[in-house]
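Whatever position you read off the sequence shown (first residue = 1), add 69 for the numbering used here.
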Amino acid sequence: MAQPYVAPAQEGPRAHLRWLSLRDPWRWLVLGFADLRSSPGIALFYGFAFWAMAQVLAWVFSRSPEYTLSMVSGCLLVGPFLAMGLYEVSRRREAGQSPDLAASLTCWDGHIKSMSMLVLVLMVLELLWGRASLVVFAVFFNTGMPSTTGVIEAIFNPENIDFVAVYLLVGGIFATLVYAISAVSIPMILDRDTDAISAGITSVRVFFGELAVMLLWGLLLSALVVLSFMSAWMLGLIVVGPWLGHASWHAYRGSVSWED
Numbered sequence: 070m071a072q073p074y075v076a077p078a079q080e081g082p083r084a085h086l087r088w089l090s091l092r093d094p095w096r097w098l099v100l101g102f103a104d105l106r107s108s109p110g111i112a113l114f115y116g117f118a119f120w121a122m123a124q125v126l127a128w129v130f131s132r133s134p135e136y137t138l139s140m141v142s143g144c145l146l147v148g149p150f151l152a153m154g155l156y157e158v159s160r161r162r163e164a165g166q167s168p169d170l171a172a173s174l175t176c177w178d179g180h181i182k183s184m185s186m187l188v189l190v191l192m193v194l195e196l197l198w199g200r201a202s203l204v205v206f207a208v209f210f211n212t213g214m215p216s217t218t219g220v221i222e223a224i225f226n227p228e229n230i231d232f233v234a235v236y237l238l239v240g241g242i243f244a245t246l247v248y249a250i251s252a253v254s255i256p257m258i259l260d261r262d263t264d265a266i267s268a269g270i271t272s273v274r275v276f277f278g279e280l281a282v283m284l285l286w287g288l289l290l291s292a293l294v295v296l297s298f299m300s301a302w303m304l305g306l307i308v309v310g311p312w313l314g315h316a317s318w319h320a321y322r323g324s325v326s327w328e329d
């Protein structure tokens, strides 16, 4: 008589989700700011890197909006590696080690396989997001892709409320997927050298397991980024970028524990 299949026992440490409260996202911001203040020079380096990426995106969107999607893909490729450098600074500080810029710039070297797979998944989602957005434009407008001014006018024109609703719905679905997969996966790869699939699944579990807290965390991240974009020349991003990077490390540490 055939025996039922029994899955093999998981090897290595197991990730366990922590119980979170609505106070935790604020605590992560406080801890992240403490990391930023402890290594202002490193934070300034990464802040200017994020600011430069934002400036390039803004310039491309204003001059040739049809190439914006390609530039976003490039930023999506570089951004996670920059963020990992900030996670490394927070990791070292938490472990009682001295943060080092050179070490933060090369910390991804031992995790390149997992990081590449995760970035590939995020890029595929971003490309699908872009394609879905073009389909929405094609359904509601028959005059081709509008210019930068045309896009802004289309979004803020009260007569296009149906278009805005569908556009935000499609964008919200893809943004939620990207956020759920990447919420804690990249710092998890740095911390435990896990594979991209396990890190992504754990991140999704955290997102849906603590939905209210993670939605608040995403709202805080979005609000701070938008405020930094609204500052003169988007200079606020120089501080907000590394601040949120450090805080995201603490979001991971506060959300996931390990059974060694």
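Don't be surprised by glycine CBs; every beta carbon is placed ideally from N, CA and C.
Secondary structure at A112: helix, using DSSP grouped into helix, strand and coil. Our two residues, S291 and A244, have alpha carbons roughly 11 Å apart in a direct line. A check of alpha carbon separations from R161 across S324, L284 and H319 identifies H319 as the nearest. Residues L86, A252, V253, M283, S324 and V325 of the same chain have their beta carbon placed closer than 8 Å to that of V275, with the five preceding and five following residues left out of the count.
Taken atom to atom, the span from the alpha-carbon of A172 to that of F206 is near 45 Å. The C-alpha of E195 is placed about 10 Å away from the C-alpha of L189.
By the neighbour-count definition (other C-beta atoms within 10 Å, threshold 16), E328 is an exposed residue. Between F232 and A201, the alpha-carbon positions lie close to 13 Å from each other. For H85, no alpha helix (DSSP H) encloses it; the enclosing beta strand (DSSP E) starts and ends at R83 to L86. For R92, the number of other beta carbons within 10 angstroms of its own is below 16, and it is reported as exposed.
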